[in-house]
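Trainee:
Residue numbers (the numbering used here): 16 to 717.
1) Nearest to residue 694 by alpha carbon, out of 677, 648, 606, 127?
2) Return yes when the Cβ of residue 461 is within less than 7 Å of the Cβ of residue 36, no when it is not.
3) Looking at the unbroken beta strand (DSSP E) that takes in residue 535, where does it start and where does it end?
4) Is DSSP giving residue 97 helix, strand or coil here?
5) For residue 307, list the residues DSSP reports as bridge partners.
6) Measuring CA to CA, which of 537, 102, 85, 467 is closest to residue 136?
7) Roughly how many angstroms separate the alpha carbons of residue 348 and residue 663, rounded to a whole number?
8) So within the stretch 607-652, which uninterrupted alpha helix (DSSP H) runs reach at least 4 residues, ignoring any that extend past its ends?
9) Let me know if residue 162 comes out buried or exposed under the rule of 16 or more other beta-carbons within 10 Å of its beta-carbon.
10) Can you find the residues in the same chain that come closer than 7 Å, C-beta to C-beta, to residue 597, ignoring five residues on each side of it along the sequence?
11) Using a Cβ distance threshold of 8 Å, determine whether the stretch 408-427 contacts the stretch 556-566, with at least three qualifying pairs required.
12) If you drop the 5 nearest sequence neighbours on each side, which residues of the same chain put their C-beta closer than 7 Å to that of residue 283?
13) Determine the burial state of residue 234: buried for a count of at least 16 other Cβ atoms within 10 Å of its Cβ, exposed for fewer.
14) Based on Cα-Cα distance, which residue from 675, 666, 355, 665 lies nearest to residue 657?
15) When DSSP labels each residue in this structure, what does residue 370 get in the three-state scheme?
16) Does residue 86 come out as helix, strand or coil in the three-state DSSP assignment?
17) I need the DSSP call for residue 250, collapsed to helix, strand or coil.
18) Using three-state DSSP, classify residue 345 as helix, strand or coil.
19) Using three-state DSSP, classify residue 72 as helix, strand or coil.
20) Count the other CB atoms, across all protein chains shown, that sit within 10 Å of the CB of residue 239; report buried if there are 16 or more and exposed otherwise.
21) Going by CA-CA distance only, name the one from 384, 374, 295, 101 that's closest to residue 29.
22) So residue 477 and residue 489 are supposed to be a Cβ contact under 8 Å. How far apart are they, rounded?
23) Applying the 10 Å Cβ sphere with the 16-neighbour rule, what's the burial state of residue 619?
24) Where residue 520 and residue 498 are concerned, what is the direct C-alpha to C-alpha distance, given to the nearest angstrom?
25) Buried or exposed, going by whether 16 or more other CB atoms sit within 10 Å of the CB of residue 532?
26) From residue 626 to residue 104, what does the alpha carbon distance come to, in whole angstroms?
27) Anyone know if the C-beta pair for residue 130 and residue 164 falls short of 7 Å?
28) Quick one: Cα of residue 572 to Cα of residue 606, how far?
29) Quick one: using the 10 Å Cβ neighbour count with 16 as the cut-off for buried, is residue 672 buried or exposed?
30) Throw me the rounded Cβ distance for the residue 660 and residue 529 pair, which I believe falls under 8 Å.
31) Which residue wins for smallest C-alpha separation from residue 31, given the options 91, 206, 93, 293?
Listed below in structure tokens is the structure:
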């Protein structure tokens with residue numbers, strides 16, 4: 016990217032911490048990997064000489080700590096030379112490893128090369144939970160072996176943990192494991208859904224769970240047996256200050272300037288106090304020499320090769336870095352929060368969920384004391400918000416400027432609609448915008464899986480199921496058959512093999528596939544505007560799998576990631592393909608008409624919109640009546656999905672309907688009315704209790 020010369024901008028404090036992805040190759044394929052790393056070489060990685068020159072350019076103006084990371088940095092043959100050169104230049108060196116390649120001999124070489132500490136990730140308190148998360152049997156044992164090797168040679172180490180809904184309850188046990196192993200630091204990372212981590216986006220903690228987790232971690236701060244460090248959770252600094260009451264009382268001079276709890280702003284040019292350091296005192300260098308705000312925020316601040324391997328030139332002149340340092344210019348609550356200089360919000364999480372790295376932190380519950388935009392919650396939506404949210408779920412036009420077309424239909428200003436949609440995405444009320452593909456038309460098959468799991472083993476079984484490729488939704492439901500998940504694969508044979516492997520791994524025989532024998536309705540639309548119920552549109556044609564060329568498959572890959580809330584949301588995908596935007600729009604419209612795309616619109620977080628009760632109603636219907644009953648259920652607006660499925664010996668239901676309401680009592684009443692109207696006395700109702708995973712399918716990911 017073009018940059019100005021360092022002399023053209025005001026002085027900038029040098030970085031204190033640089034994470035360097037020296038290689039992207041890795042022996043593991045962890046589900047949360049921001050780099051989507053794989054066990055294969057990557058073209059274009061910086062050579063040894065280039066790395067030396069970059070280190071020299073850094074040392075010319077700074078003495079930061081260098082974190083050698085990856086991928087797996089120990090797969091790089093010159094890793095010891097890089098560590099030794101950084102050390103010789105006066106920089107502190109640490110290394111992040113998965114642990115698998117770390118033997119006593121390797122640990123000793125790292126120590127002798129100048130590495131003073133390593134980090135090893137442990138994401139479960141047991142082999143079962145850690146290995147399921149890491150995607151490889153034996154990963155847990157390898158991580159523990161690495162810790163023992165480091166300890167034997169006198170190399171300091173810390174334990175890192177990526178926190179999700181799957182392992183949140185295990186944090187105390189993982190911390191205790193780290194203490195027993197002799198770790199100096201326990202470092203939880205709050206999941207940022209980037210790279211393969213996008214597949215775990217729905218295992219990310221909710222804002223309230225996030226806050227509760229930070230409060231629990233704050234309770235650990237006074238421990239003497241291990242130090243607690245929290246990463247990718249900048250508002251942990253706000254939580255600490257609120258708990259320790261380190262700010263001045265209401266009525267002080269500082270309160271008069273910026274609010275009762277307003278921490279001091281830093282002096283001009285001084286680094287901010289902790290929180291999100293990205294772009295301020297921290298930077299990330301990719302395996303190909305791209306400088307970024309952090310490794311989770313895939314926005315280039317400059318290319319080292321284009322800038323003559325001069326890190327300082329990018330650090331001091333990048334426009335992206337300049338913007339991220341202007342904390343007062345952050346959008347939404349982050350720009351006016353009294354804690355903005357000690358927190359700053361997670362720029363990567365904001366970008367992952369909104370496409371705007373200056374947007375407000377999506378998972379913060381704090382309400383700033385200064386005037387701020389309304390809280391993005393159900394009771395804060397105005398009439399225009401509700402009309403837009405209702406419309407974009409199923410009726411977003413396929414056009415070069417879809418929000419302009421929507422604005423015209425709703426009688427609103429186009430710019431206002433785009434701004435509102437961006438704010439709703441930022442607030443977490445809209446999960447993603449874009450097409451919902453029909454698996455069958457892309458050559459895939461899918462099924463609903465039911466499992467009967469002893470309660471004590473449910474978390475482990477859910478983790479193993481969620482780790483299966485092709486599992487997009489996974490829930491605990493209140494029933495003896497308590498684990499339910501959807502599984503999509505290339506063939507029925509792959510589905511059978513995956514379920515056989517799961518039965519073998521868990522020792523659970525009651526894992527049953529319940530494929531759809533007939534589909535009566537797939538239409539998720541939550542009415543927030545009080546509009547009259549409408550007749551559901553006909554289901555897309557159930558034709559053969561579409562024959563797609565490689566460019567079309569690449570378009571599917573791009574679109575399934577979701578579209579940004581921008582005036583021309585297809586523009587980025589078109590640029591990546593080298594297509595005119597009109598060609599992309601025409602292809603999406605053709606796929607929608609042919610049924611390859613079932614729906615084009617927004618996926619909303621219905622619980623945050625007030626629909627907190629989610630029940631799967633199941634009915635026992637005589638063979639001759641089932642199609643009529645299915646069609647009549649499909650006509651009801653409270654039902655989003657309706658299928659015919661095979662019964663089980665001790666679960667004799669063959670008609671399934673998903674019913675949504677604001678309370679469980681409301682859903683029970685709806686189901687009772689449906690059963691009475693359709694004369695279906697044989698029924699049951701399974702409420703969703705825990706959401707283990709909810710994400711979109713990644714087609715053609717191979």
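All C-beta atoms in this analysis are idealised placements derived from N, C-alpha and C, irrespective of residue type, glycine included.
Mentor: On the basis of the supplied data:
1) Position 679 of the chain shown, counted from the start, is the residue given in the question as residue 694. Closest in C-alpha terms to residue 694, from the list 677, 648, 606, 127, comes 648.
2) The count along the chain shown starts at 1 and reaches residue 36 at position 21. The count along the chain shown starts at 1 and reaches residue 461 at position 446. Contact annotation: residue 36 and residue 461 have beta-carbon atoms that are not nearer than 7 Å.
3) Here residue 535 is taken as the residue at index 520 of the chain shown, counted from 1. Note, residue 535: beta strand (DSSP E), 533-537.
4) For this step, residue 97 is matched to residue 82 along the chain shown. DSSP places residue 97 within a helical segment (H, G or I) once states are collapsed to three.
5) Here residue 307 refers to the residue found at position 292 of the chain shown. Looking at the DSSP output, residue 307 shares a beta bridge with 299, 315.
6) Here residue 136 is taken as the residue at index 121 of the chain shown, counted from 1. With distances taken between Cα atoms, residue 136 lies closest to 85.
7) By 1-based counting over the chain shown, the position of residue 348 is 333. By 1-based counting over the chain shown, the position of residue 663 is 648. In a straight line, the C-alpha of residue 348 is about 51 Å away from that of residue 663.
8) The stretch 607-652 contains these whole alpha helix (DSSP H) runs: 641-649.
9) Taking the chain shown and counting its residues from 1, the one referred to as residue 162 is at position 147. Residue 162 is buried by the Cβ-count criterion.
10) On the chain shown, position 582 is the one that residue 597 refers to. Around residue 597, the same chain offers 415 as residues with beta carbons nearer than 7 Å, after the five sequence neighbours per side are excluded.
11) No: the two stretches stay apart, fewer than three of their Cβ pairs being nearer than 8 Å.
12) Within the chain shown, the letter at position 268 stands for residue 283. With a pLDDT of 35 at residue 283, under the threshold of 50, the modelled position of that residue is not reliable, and the figure given next carries that caveat. Correct list: empty, nothing qualifies.
13) Looking up residue 234 in the chain shown gives position 219. Exposed is the call here.
14) In the chain shown, residue 657 corresponds to position 642, counting from 1. When only C-alpha atoms are compared, the closest one is 675.
15) Looking up residue 370 in the chain shown gives position 355. If DSSP states are grouped into helix, strand and coil, residue 370 belongs with coil.
16) Translated into positions along the chain shown, residue 86 becomes position 71. If DSSP states are grouped into helix, strand and coil, residue 86 belongs with coil.
17) Against the chain shown, residue 250 aligns to sequence position 235. In the structure shown, residue 250 sits in coil (DSSP, three-state: anything other than H, G, I, E or B).
18) Along the chain shown, one-based indexing puts residue 345 at 330. DSSP, reduced to helix, strand and coil, places residue 345 outside both helices and strands of the structure shown, so it counts as coil.
19) For the purposes of this step, residue 72 is taken as the residue at position 57 of the chain shown. Residue 72: helix per DSSP, three-state reduction.
20) Locating residue 239 in the chain shown gives position 224, where the first residue counts as 1. By the neighbour-count criterion, in which 16 or more other beta carbons inside 10 Å mark a residue as buried, residue 239 falls on the exposed side.
21) Within the chain shown, residue 29 is the residue found at index 14, counting from 1. Across the set 384, 374, 295, 101, the C-alpha of 295 shows the shortest separation from the C-alpha of residue 29.
22) One-based indexing of the chain shown puts residue 477 at position 462. One-based indexing of the chain shown puts residue 489 at position 474. Under the criterion of beta carbons closer than 8 Å, residue 477 and residue 489 qualify as touching, at roughly 6 Å.
23) By one-based count along the chain shown, residue 619 stands at place 604. So residue 619 counts as buried.
24) Here residue 520 refers to the residue found at position 505 when the chain shown is read from its first residue. Here residue 498 refers to the residue found at position 483 when the chain shown is read from its first residue. As the crow flies, the alpha-carbon of residue 520 is around 16 Å from that of residue 498.
25) Looking up residue 532 in the chain shown gives position 517. By the 16-neighbour rule on beta-carbons within 10 angstroms, residue 532 is exposed.
26) By one-based count along the chain shown, residue 626 stands at place 611. By one-based count along the chain shown, residue 104 stands at place 89. Going from the Cα of residue 626 to the Cα of residue 104 covers about 58 Å.
27) Position 115 of the chain shown, counted from the first residue, corresponds to residue 130. Position 149 of the chain shown, counted from the first residue, corresponds to residue 164. No. Outside cutoff.
28) Along the chain shown, read from residue 1 onward, the residue named residue 572 stands at position 557. Along the chain shown, read from residue 1 onward, the residue named residue 606 stands at position 591. Going from the Cα of residue 572 to the Cα of residue 606 covers about 14 Å.
29) Locating residue 672 in the chain shown gives position 657, counting from the first residue. By the 10 Å Cβ count, residue 672 comes out buried.
30) As a first step, residue 660 must be located in the chain shown, where it is residue number 645. As a first step, residue 529 must be located in the chain shown, where it is residue number 514. About 4 Å separates the two Cβ atoms, so the contact holds.
31) Taking the first residue of the chain shown as position 1, residue 31 is located at position 16. Checked all of 91, 206, 93, 293; the closest Cα to residue 31 is 293.
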